[in-house]
Amino acid sequence: MNLQKRDIARNKFKLEIYQSKGSAYQDFFTRIMTKAFPDFLCVKTQGSKGDEKNDGFIPSRGVYYQVYAPENPFERVTDAIEKCQKDFTGLMKRWHLETPIKEFYFAFNDEYRGTVALIVGDRLLLDPQKEII
């Protein structure tokens with residue numbers, strides 16, 4: 007890929023990030039992950055059960071992803087922190103015994119503005135080895 011094509015691809019990618027909110031961002035994330043990792047499995051919501059705190063994972067590696075793309079990523083930062091913690095706890099309860107969690111990623115659409123320090127710092131509290139009651 008030459009420099010011009012790479013720049014066009016980068017700009018298209020950034021535009022998709024800026025325009026994608028909610029389920030559109032999750033669909034975009036899933037398309038990328040499916041191409042990058044053939045064994046990536048997307049977990050679709052199932053009525054009142056939802057996705058059981060798992061938007062997608064790579065079972066063979068124990069890698070799990072939760073996707074979050076609010077309309078305004080910096081309006082209510084505490085919502086993102088609470089969602090990350092709640093989803094991780096739910097993930098541990100539902101999935102850890104079935105397919106042990108080795109890595110957890112919270113894919114937060116910050117629209118290239120930089121993730122808020124509170125979210126980055128708070129993720130250090132998440133530990134798959136910690137027992138969840």
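Quick note: the sequence shown uses the numbering used here, first residue 7, plus one each step. Glycine is no exception: its CB is placed at the ideal position from the N, C-alpha and C atoms. Since we're looking at a predicted model, the values are computed, not measured.
- Query: So, are the CB atoms of residue 100 and residue 59 less than 8 Å apart?
  - Reply: yes
- Close-in-space but distant-in-sequence residues of the same chain around residue 11 (CB under 8 Å, 5 per side omitted): none
- Whole angstroms is fine: what's the gap from residue 108's alpha carbon to residue 36's? 20 Å
- Proximity test, Cβ basis, 8 Å: residue 107 and chain B: The structure shown has no chain B; it contains just one protein chain.
- Message: Extract the residue ranges of the beta strand (DSSP E) inside the region 21–95, only unbroken runs of 3 or more that lie entirely within it.
- Response: 62–64, 69–74
- Query: Going by the CB atoms, is the gap between residue 70 and residue 97 shorter than 8 Å?
  - Reply: yes
- Query: Given that a residue counts as buried once 16 or more other Cβ atoms are within 10 Å of its Cβ, and exposed if not, what is residue 7?
  - Reply: exposed
- Message: If contacts are defined as beta-carbon pairs under 8 Å, then residue 72 and residue 112 qualify, I think. What distance do you get, rounded to the angstrom?
- Response: 5 Å
- Query: What residue does the beta strand (DSSP E) around residue 117 start on, and which one ends it?
  - Reply: Taken as a continuous stretch (DSSP letters only), residue 117 belongs to no beta strand (DSSP E), as it is neither H nor E.
- Does the Cβ-Cβ distance between residue 105 and residue 62 come in under 8 Å? no
- Task: Evaluate residue 120 with the Cβ neighbour count: other Cβ atoms within 10 Å of its Cβ, from every protein chain shown; 16 or more gives buried, anything less gives exposed.
- Result: exposed
- Task: Pull up the distance between the alpha-carbon of residue 51 and that of residue 34, whole angstroms please.
- Result: 16 Å
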